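Undergrad: Just so we're on the same page, this note's numbering is the position in the sequence shown counted from 1, plus 1064.
Beta carbons: idealized from backbone N, C-alpha and C, even for Gly.
Since the model is a prediction, treat every value here as computed from it, not as a measurement.
I have a structure here, written as structure tokens, and I will follow up with some questions on it.
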Amino acid sequence: MKRVYTAESLIDGKLVVDLLARAGVPSILFNQNAGGGLGELPVVYPEVWIKRDFDISRARRAIENFERGVSQPNETCAVCAEANPGTFEICWQCGAALAGA
Ligand SMILES: [Zn+2]
């Protein structure tokens, strides 16, 4: 077990778990209830841990791509012309492979 990511929010953490799963890396999200109640600042942030240590380099690469993708422009699908986030490898609308992948 290794920690690969500390998320700013639960949604952020779940996104990373999802993208790791797509990269073939099983992971677990810890501190899911760390957000506290309404109006409270989280004291502990959600953390993503990979189950198998040998996945570490694959996990880091997937997360780097994810973090770069946040500031990347959207990618337009060549098949259905739907806009996809730069982090996506396939179109969320029609499932076609995106050119940048
Ligand atoms: Zn498409």
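First and last residue of the beta strand (DSSP E) that includes Lys1078?
TA: Run containing Lys1078: none in the beta strand (DSSP E); it sits in the alpha helix (DSSP H), Leu1074 to Arg1086.
Undergrad: Flag this pair as yes or no: are the beta carbons of Thr1166 and Glu1128 separated by less than 8 Å?
TA: The structure shown does not extend to residue 1166, since the chain is modelled only from 1065 to 1165, so the question has no answer here.
Undergrad: At which residues does the beta strand (DSSP E) containing Thr1070 begin and terminate?
TA: Counting along the chain, the beta strand (DSSP E) containing Thr1070 begins and ends at Lys1066 to Thr1070.
Undergrad: Using DSSP bridges, identify the partner residues of Ile1092.
TA: Trp1113
Undergrad: Closer than 7 Å by C-beta to Leu1093: which residues in its own chain qualify, once you throw out the five before and the five after it? Chain order, please.
TA: For Leu1093, where only same-chain residues beyond five positions count, the Cβ hits under 7 Å are Gly1077, Lys1078, Val1081, Pro1110 and Val1112.
Undergrad: Do you know how far the Cα of Asn1148 is from the Cα of Lys1066?
TA: 30 Å
Undergrad: Cα separation between Ala1142 and Gly1150?
TA: 14 Å
Undergrad: Among Asn1095, Gly1088, Gly1159 and Phe1130, which has the Cα closest to the Cα of Val1118?
TA: Looking at the sequence itself, residue 1118 is Phe, so the reference to Val does not match. Of the candidates Asn1095, Gly1088, Gly1159 and Phe1130, the one whose C-alpha sits nearest the C-alpha of Phe1118 is Gly1088.
Undergrad: Pull up the distance between the alpha-carbon of Pro1090 and that of Ile1154, whole angstroms please.
TA: 20 Å
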